[in-house]
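The sequence shown maps to residues 3 to 262 in this note's numbering. Here a beta-carbon is modelled for each residue, glycine too, at the ideal position from N, C-alpha and C. One structure is given below, encoded as structure tokens.
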Amino acid sequence: MTFFSTIEPIYYLLPLAGLIVGLFGTILGGGGGFFFLPILTLIIGAPAQTAVITSLVATLPICIVGAAMHYRKGNLDIRTGSAFAIVGILGAFAGAAIANYIAPQLLKTIFGIYAVGIGGLMFMNVKQRPSAKTNKKGKPMNYLKKPAYGFLAGMITGTFGTSGTAPVLAGLFAARLPVKMVIGTSLFVLVVNTSFAAGAHFLMGQIDLTLVALLTAGSIPGALLGPVILSNIKTDNSESSIKYVYAAVMVLIGILMIIA
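Rendered as structure tokens:
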């Protein structure tokens, strides 16, 4: 179900928020849904269920534009991304189904615990530098991890209305892809997960098209600029540092979600 809410003065901040989220979402490999949710609920005052579906719909253009731009830059591994996305579809429907049976406060706590756990896994993946022998034996394990990470990402997207970036990034880092390839491929996976999660929630939620229009008015230009900026950043000598930052951010977000 769709509707147009009356524009309030505070709504005019949404294009700026969308620009910032779209810019950093495509630079860091996330769709920005995690940031849209607190903006819509805490600042705009949208009902939780409306915020979830509106966030998914507003996130989708960022993922599409960002993935397309990264593909043009050669930063997208479609084969690896497809392995994550296929099982992510199942996870998205499963998450949307169970979301209605969990209390909002419990959902937030679970989200925080999962973020801390994923951040810890990302940290361990960076810290463990396998030798050539370990790499040889590790390949089958990486392939087995893809469905697990992909399903978790889809389930997080469907349950919380966020883009499920953390498990996607963790899984792609575990697959030993370069940072720029991780970012582009992550956005490709999020396009699929977010599309199906939005479709599942559409059957039971309400989409505020006024909020979507104002957010995407800024997020699409931001999504176009992000990959251009990233292409001019040299990450070859600082990949480990970037991965540590990703892990630290996920842990911090998780702690804040638990104690908030």
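Per the DSSP calculation, residue i is bridged to which residue(s)?
| i | result |
| --- | --- |
| Phe26 | Paired residues: none, contrary to the question. |
| Ile209 | Thr4 |
How big is the Cα-Cα spacing for residue i and residue j?
| i | j | result |
| --- | --- | --- |
| Cys65 | His72 | 10 angstroms |
| Gly173 | Val193 | 16 angstroms |
| Val59 | Met126 | 33 angstroms |
| Phe5 | Leu15 | 20 angstroms |
| Leu227 | Ala87 | 25 angstroms |
| Ile55 | Arg178 | 33 angstroms |
| Thr187 | Ala69 | 7 angstroms |
| Thr8 | Leu213 | 10 angstroms |
| Gly166 | Asn195 | 8 angstroms |
| Ala85 | Val170 | 11 angstroms |
| Gly201 | Ile12 | 28 angstroms |
| Gly220 | Ala99 | 31 angstroms |
| Phe198 | Ala53 | 17 angstroms |
| Pro223 | Ala215 | 13 angstroms |
| Ile231 | Ser57 | 25 angstroms |
| Leu108 | Asn77 | 37 angstroms |
Between residue i and the rest of its own chain, which residues show a CB-CB distance below 6 angstroms, the 5 nearest in sequence each way excluded?
| i | result |
| --- | --- |
| Lys75 | Pro229 and Ser233 |
| Phe162 | Phe113 |
| Leu217 | Leu16, Gly20 and Ala60 |
| Ala225 | Gly24, Thr28, Ile64, Val67 and Gly68 |
| Ala249 | Gly121, Met124 and Phe125 |
| Lys141 | Annotation note: pLDDT 47 at Lys141 (below 50); position unreliable, no value reported. |
| Phe95 | Ala202 |
| Pro149 | Val89 |
| Ile158 | Gly166 |
| Val253 | Val118 and Gly121 |
| Phe37 | Val23 |
Within its chain, find whatever has a CB closer than 7 angstroms to the CB of residue i; leave out the 5 residues flanking it on each side and keep chain order.
| i | result |
| --- | --- |
| Asp79 | Leu179, Met183 and Thr187 |
| Leu92 | Phe153 and Gly156 |
| Gly90 | Gly152, Phe153, Ala155, Gly156, Val191, Val194 and Asn195 |
| Phe265 | Nothing can be reported for residue 265: it is not among the residues displayed for the chain, which extend from 3 to 262. |
task: Mind the definition here: the stretch 10-29 touches the stretch 40-47 only if three or more C-beta pairs lie below 8 angstroms; say whether that holds.
output: Contact between the stretch 10-29 and the stretch 40-47 is present: three or more C-beta pairs spanning the two stretches fall below 8 angstroms.
query: Touch check for the stretch 107-122 and the stretch 208-215: three-plus C-beta pairs under 8 angstroms?
result: Counting C-beta pairs with one atom in each stretch, the stretch 107-122 and the stretch 208-215 have fewer than three that are closer than 8 angstroms, which means they do not touch.
query: What are the complete alpha helix (DSSP H) segments, minimum 4 residues, inside the stretch 69-127?
result: The stretch 69-127 contains these whole alpha helix (DSSP H) runs: 80-101.
Entirely enclosed beta strand (DSSP E) segments - the stretch 173-234, minimum 3 residues: Complete beta strand (DSSP E) runs here, min 3: none at all.
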